[in-house]
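Novice: Residue numbering for the sequence shown follows our numbering, beginning at 736 and increasing consecutively. Glycine residues also receive a C-beta, built at the ideal position from the N, C-alpha and C atoms. Remember, predicted model here, so these are calculated numbers, not experimental data. Encoded as structure tokens, here's the structure I'll be asking about.
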Amino acid sequence: MGPGQTIPGYTSNPLNGSNKVLLTINIGSATAKPVTAIPTTLVPSNAPNAASSNLTRPFVFMSMGASYCH
């Protein structure tokens, strides 16, 4: 976007300027057999055929109020 241009609806968006927690990682105690190194070879990954992939998932973002902000 060039100087002076704005995104339509940007300033009226309730999420504009709000801080949201998108990821929380909780670390527990160590397991009996922890993984301490990355293996030199991993299992094969079979990616789906993009031409036959037609599933979509909608995402709806909304403000949940001050009690949900950390």
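Spatial neighbours of Pro749 within its chain, please: CB distance less than 8 Å, with the 5 preceding and 5 following residues excluded, ordered by chain position.
Specialist: Excluding residues within five positions, the ones whose Cβ falls inside 8 Å are Met797 and Ser798.
Novice: Give a yes or no on whether 8 Å exceeds the smallest Cβ distance from Leu777 to chain C.
Specialist: Here there is only one protein chain, and chain C is not present.
Novice: Which value, in whole angstroms, describes the spacing of the CA atoms of His805 and Val756?
Specialist: Any reading at His805 is ruled out, since the residue's pLDDT is 49, under 50, leaving its predicted position unreliable.
Novice: Using three-state DSSP, classify Ser764 as helix, strand or coil.
Specialist: Coil.
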